[in-house]
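Since the structure comes first, as structure tokens, the remarks are kept for the end.
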DNA sequence: TATGAATGAGAGTTCATTCAT
DNA sequence: CATGAATGAACTCTCATTCAT
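Residue numbers (our numbering), protein chains in the order written: chain Y, 128 to 313; chain X, 128 to 313; chain P, 128 to 313; chain Z, 128 to 313.
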């Protein structure tokens, strides 16, 4: 039970931090604020995380893992690319604005430590690769393009999320995905 | 000539700041750094800009104005939507990574001062509106969607720009634009 | 005990600041200096005070409260106006130079925030009012005059304090008080 | 005429500075502000004054000289101490609030350069001495007390000036002067 | 003589991190 | 494990002073 409680506290800190980072940006959130909102002592944060940057890293990892998990699930359940797109859109739009903000922050803040960045996204990339290999290999879409566009699109949604409802977002995302993944040769 | 020199210095500060902001993010760049790289005294920055935020505002304004100008030019020179897309892609990709980063930073940092944000982008939006009204009115794309996607795409390119060459970027951007602007009804 | 220690540190900062403000003026004292002399970190000051101005406010409050307390005590113990004057002089001359300087600084620095100023001195003024009503009501001294002169005299002592010993100061203060408080009609 | 114009400019700077210092305090007035209000270039100030402190010194000198002049005149025209007091009050109350503020600022700001302070007030003190020697020598008022109280009173008026009209001020000042200068032995 | 663009030292303030309890 | 008081490095911003014109 102590173990459970401990995990509880770490999760609480991480979730609070993710929410605040997404709302205000990395530098605009102080550890005081995280501690206050997570209802733990400021020192406690350092029991679970080495540094503030470390919290963002774990946030990003969690988001990427979530994406990876979604992709894996959707991938396993989809017989055709159309089905894949449909399922992906539904699965991915959930909490998309928080998730995409975290991805973006992480991308920006860790730009000086490429190694850490690459390590954190490698799992995510690997899953994308499997999707790519099943559905797109041999098309004129390169993996790098596939990865960039997909990731970029999620980020773009950060902007759109404020002006569009969830339904519109799904419709739009679907259109763009179809356009990228199913386009005619040339 | 003094006037010229003066403008020179302001431009130098602004360009340096834009580059650094794009590289590291707004909060990660100090005025000391801007001053050092622009080879001016720290105090000089305050001769031309009221505050650090003001530098970002003028950066964003300059970027938005650039986009607006591109759109206007491309718009005037294009007879069809195909031509428009072709011209837009070529005109817009230039320096896209710096520009899109600035747009994103400004979007994030000014999120607490909506009024200033809206004022800065209003010109840009108005030009988009004219494009929309010429080519897309009556289609099932709403102006809000058009604006959101287009702006989002430019920002998405921020991610892609690091992994893709200019040619690939153009190809991709073109595909997405076609997909958005030319799609079948429904 | 932690509580005691905490109060200790705040007191130490406040006392150091009051001494330095009195010696050099508000603007001529830096937070670095206060921190150094109070033997605390610069950041520690901000644990206890919101801003530099806030330190002056609390300094002033403490001085005014001291005056008020002195007045109240002296007032309660004095049967006649002569006794009142005697007791007041003795009680008020203690640390008069620091106290009067703080009053003056606060008067000057808060002149742009009248509300805060009035709030801080209201207690002090109220006590003066009770003295006035007991001893001077019906005389040709108005309350405003009484208040102005008394406060002014304390400030004037700021000048004198450097050239006169405590005994001389008491003698002088007594003379002026008698002159104000006991003068013949007209 | 060039000479006249030059003097004009220096006077304009000095008068503007005195007014602003009195209104806002020494440190709260910037040279930019003085230059703007005096309608001269910022650099021009340094043609006439070595430093900002120098402006305050000359302001103080001018105020002290004014007092000295008043004292001398009043002194020469007065046959008795009563007449002296009457004349002094009338002559001294003019512009008293600006004058006393300047004196106080100078007193505070130059406290670290005693020599300059003493030099600036020596003339003023000498005139006071002549008054003292004519009217008070042999009384139980020491010169130091006389000087301190008189100067202090002028400063105290800084406080009072905001709450009292000129007539009340004169009445009050007269009372205090009588009290100091005419008191019974002991 | 007159100017104001340019400057950098130093101000007040914030906050990630440490550590004694 | 859990805490929050304490810290100082680093931030943005101000302004007296200089100097080329």
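Ideal Cβ positions, reconstructed from N, Cα and C, are used throughout, including at glycine.
Residues of chain Z with CB under 7 Å from residue 243 of chain P, in chain order?
Neighbours of residue 243 of chain P on chain Z: none; closest Cβ ~16 Å, over 7 Å.
| query | Buried or exposed: which applies to residue 157 of chain Y, given that a residue is buried once 16 or more other Cβ atoms fall within 10 Å of its Cβ? | reply | Exposed: under 16 other Cβ atoms inside 10 Å.
(message) Whole angstroms are fine: how far does the CA of residue 185 of chain Y sit from the CA of residue 141 of chain Y?
(response) Near 8 Å, if we compare the C-alpha coordinates of residue 185 of chain Y and residue 141 of chain Y.
* Round the Cβ separation of residue 263 of chain Y and residue 280 of chain Y to the nearest angstrom and send it over; I've been treating them as touching at under 8 Å. => Residue 263 of chain Y to residue 280 of chain Y, Cβ: 15 Å. No contact.
Measure the C-alpha to C-alpha separation of residue 214 of chain Y and residue 175 of chain X and round it to an integer number of angstroms. Taking the straight line from one Cα to the other gives about 53 Å.
(request) Would you mind listing the alpha helix (DSSP H) stretches within the segment 155 to 192 of chain P that are 4+ residues and don't spill past its ends, in chain order? (result) List check, alpha helix (DSSP H) in window: 158 to 165 and 169 to 175.
Check: If you draw a straight line from the alpha carbon of residue 313 of chain P to that of residue 267 of chain P, how long is it in whole angstroms?
Finding: In this prediction, residue 313 of chain P scores a pLDDT of 37, lower than 50, which makes its location untrustworthy; no coordinate-derived value is stated.
From the DSSP output, in three-state form, read off residue 213 of chain P for me. DSSP, reduced to helix, strand and coil, places residue 213 of chain P within a helical segment of the structure shown.
Residue from Y/188, Y/269, Y/145 and Y/241 with nearest C-alpha to residue 251 of chain Y
Closest option to residue 251 of chain Y, Cα to Cα, is Y/188.
### Message
Beta-carbon within less than 6 Å of residue 232 of chain X's beta-carbon, same chain only, minus the 5 sequence neighbours each way: which residues are those?
### Response
Within the same chain, 148 and 153 come within 6 Å of residue 232 of chain X by CB-CB distance, once the 5 residues on both sides are set aside.
Original post:
Using a C-beta to C-beta distance shorter than 8 Å, which residues of chain X count as neighbours of residue 187 of chain Y?
Top reply: In chain order: nothing, as chain X lies at least about 14 Å away.
Does DSSP classify residue 268 of chain P as helix, strand or coil? Coil at residue 268 of chain P, not helix or strand.
- Taking residue 307 of chain Y as the query, report the chain X residues whose CB atoms sit under 9 Å from its CB, ordered along the chain. Under the 9 Å cutoff, chain X gives 299, 302, 303 and 306.
- In whole angstroms, what separates the C-alpha of residue 136 of chain Y from that of residue 167 of chain Y? Approximately 8 Å, taken between the alpha carbons.
Quiz prompt | Nonlocal neighbours in the same chain, by C-beta distance under 6 Å from residue 226 of chain Z, ignoring five residues either side | solution = Here residue 226 of chain Z has 190 as same chain residues with Cβ atoms under 6 Å from its own Cβ, once five neighbours each way along the sequence are excluded.
Exercise. Would DSSP call residue 232 of chain P helix, strand or coil?
Worked result: Collapsing the DSSP output to three states places residue 232 of chain P in a helix.
Practice prompt. Under 8 Å by Cβ, that's how I've got residue 304 of chain P and residue 216 of chain P pegged, so tell me the actual separation to the nearest angstrom.
Written response: Correct: roughly 7 Å between the Cβ atoms.
- prompt: Whose Cβ in chain Z lies nearer than 9 Å to the Cβ of residue 146 of chain P?
  reply: Per Cβ cutoff of 9 Å: no residues; residue 146 of chain P is ~14 Å from chain Z at best.
*Between which two residues does the alpha helix (DSSP H) containing residue 250 of chain Z stretch?*
Where residue 250 of chain Z is concerned, the enclosing alpha helix (DSSP H) stretches over 241 to 262.
How about residue 204 of chain Z and residue 254 of chain Z: are their beta carbons less than 8 Å apart? Annotated as distal: residue 204 of chain Z and residue 254 of chain Z, with beta-carbon spacing of 8 Å or more.
So, using beta-carbon positions, are residue 228 of chain Y and residue 237 of chain Y closer together than 8 Å? No Cβ-Cβ contact shorter than 8 Å links residue 228 of chain Y with residue 237 of chain Y.
For residue 298 of chain Z, which option in P/295, P/292 and P/276 has the closest C-alpha, if you only look at C-alpha atoms? Considering only P/295, P/292 and P/276, the residue with the shortest C-alpha distance to residue 298 of chain Z is P/276.
Q.
Beta carbons nearer than 8 Å to chain X: which residues of the segment 206 to 228 of chain Y have them?
A. Residues passing the 8 Å Cβ filter: none.
Worksheet entry | Nearest candidate by alpha-carbon position, reference residue 207 of chain P, set P/261, P/160 and P/224 | Closest in alpha carbon position to residue 207 of chain P, among P/261, P/160 and P/224, is P/261.
Starting from residue 152 of chain Y, find everything on chain X with Cβ-Cβ shorter than 8 Å and list it in chain order.
Within chain X, the residues 154, 235 and 236 have their CB atoms less than 8 Å from the CB of residue 152 of chain Y, given in chain order.
Q) If we cut at 8 Å on Cβ distances, does residue 100 of chain P have a partner in chain Z? A) Lying outside 128 to 313, the shown extent of chain P, residue 100 of chain P is not represented and no answer is given.
The alpha helix (DSSP H) that contains residue 303 of chain X, what's its start and end? Run containing residue 303 of chain X: 293 to 308, per the alpha helix (DSSP H) assignment.
| message | So, for residue 258 of chain X: in the same chain, excluding its five sequence neighbours on each side, which residues have a beta-carbon less than 7 Å away from its beta-carbon? | response | Closer than 7 Å at Cβ, skipping near neighbours: 198 and 202.
Grouping DSSP H, G and I as helix and E and B as strand, with all else coil, what is residue 206 of chain X? Looking at residue 206 of chain X - three-state DSSP - the assignment turns out to be coil, as it is neither helix nor strand.
Checklist line | Distance between residue 224 of chain P and residue 146 of chain P (C-alpha atoms, nearest Å) | finding: Taking the straight line joining both Cα atoms gives about 10 Å.
>> Between which residues of its own chain and residue 230 of chain Z is the CB-CB distance below 8 Å, once the five residues before and five after are set aside?
In response: Within the same chain, residue 230 of chain Z has close Cβ partners 187, 190, 191, 278, 281 and 282.
> Is the beta carbon of residue 306 of chain P sitting closer than 8 Å to the one on residue 181 of chain Z?
Replying inline: One thing to note: residue 306 of chain P has its Cβ no nearer than 8 Å to the Cβ of residue 181 of chain Z.
Check: Along chain P, which residues have their Cβ under 9 Å away from the Cβ of residue 265 of chain Z?
Finding: Ordered by position in chain P, no residue passes the 9 Å Cβ test against residue 265 of chain Z, which lies about 18 Å from the chain.
Q.
What would DSSP say about residue 279 of chain Y, mapped onto helix, strand or coil?
A. Here residue 279 of chain Y sits in helix by DSSP.
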